[in-house]
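What follows is a short report on a single structure.
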Amino acid sequence: MKTNNHKYFYLPPKEEAAMKVLWETEDALSASEIADRIPDRSWPASSIQAILRSLEKKNAIRVDAITKLGKSYGRMFRPVLSANEYAAMQFGRYYQNGKADCFSMMSSLLGNTSAGNEEILEALQNLIKEYENEGN
Numbered sequence: 065m066k067t068n069n070h071k072y073f074y075l076p077p078k079e080e081a082a083m084k085v086l087w088e089t090e091d092a093l094s095a096s097e098i099a100d101r102i103p104d105r106s107w108p109a110s111s112i113q114a115i116l117r118s119l120e121k122k123n124a125i126r127v128d129a130i131t132k133l134g135k136s137y138g139r140m141f142r143p144v145l146s147a148n149e150y151a152a153m154q155f156g157r158y159y160q161n162g163k164a165d166c167f168s169m170m171s172s173l174l175g176n177t178s179a180g181n182e183e184i185l186e187a188l189q190n191l192i193k194e195y196e197n198e199g200n
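Written out as C-alpha cells, the structure is:
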C-alpha cells in the first residue's frame, strides 16, 4: 500500500473545487477546462490562474505538458495526490492517536456506507492481502 509523504496542507473551497475536477478525470486539463468544469462557479474564470499557482506551491498539482491552445501555448495540469490521499491527510490533522483513531474512523465509515456486507468484506480482505504482501 502506497504511503502518503505529502506535507499537510488545507484546500480552501475554490482550490478544492479545482482539485475535484482534476480528480474526476484521467486527462490533464488546461486552466480554462478546469474553470469550465467547476459546477456553480460564482467567481470569474480568470481567478483560476491564481488558484492553480497556489495548488502548485502546495505540490497538489503539477504541470503535465505545455501544449498549443488556440493561438498561444498553455499548461496542462494533473493532480499530484489523489482524493483519498488528501482525505487521509485531513484525517491525520484531526486525529493524533494513529491506528486507534483509524480503526474508529473505519468502523464509522463502514457503518454509513451503502455497500453490502459481502462487498465490504471483499474489499477488506483485499486490503489485508495487500498489506501482507508488502510486509506491513
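Using the numbering used here, read the sequence shown as starting at 65 and increasing by one per residue.
Glycine included, every Cβ here is placed at the ideal spot set by N, Cα and C.
Item                                                                                                  : Value
DSSP three-state assignment for SER178, whether helix, strand or coil                                 : coil
Limits of the unbroken alpha helix (DSSP H) element including ILE102                                  : Looking at the DSSP string, ILE102 is not in any alpha helix (DSSP H), and its letter there is neither H nor E.
Minimum C-alpha distance to TYR137 - residue among ALA129, PRO143, VAL144                             : ALA129
The beta strand (DSSP E) enclosing VAL127, as first and last residue numbers                          : 125–133
When GLU182, TYR74, ASN190, GLN113 are compared against ALA124, the one with the closest alpha-carbon : TYR74
Beta-carbon proximity check, ARG105 vs ALA81, cutoff 9 Å                                              : yes
Exposure label - LEU185; buried when at least 16 CB within 10 Å                                       : exposed
Per-residue DSSP class, three states only, for SER168                                                 : helix
SER136, enclosing beta strand (DSSP E) - first and last residue                                       : 136–143
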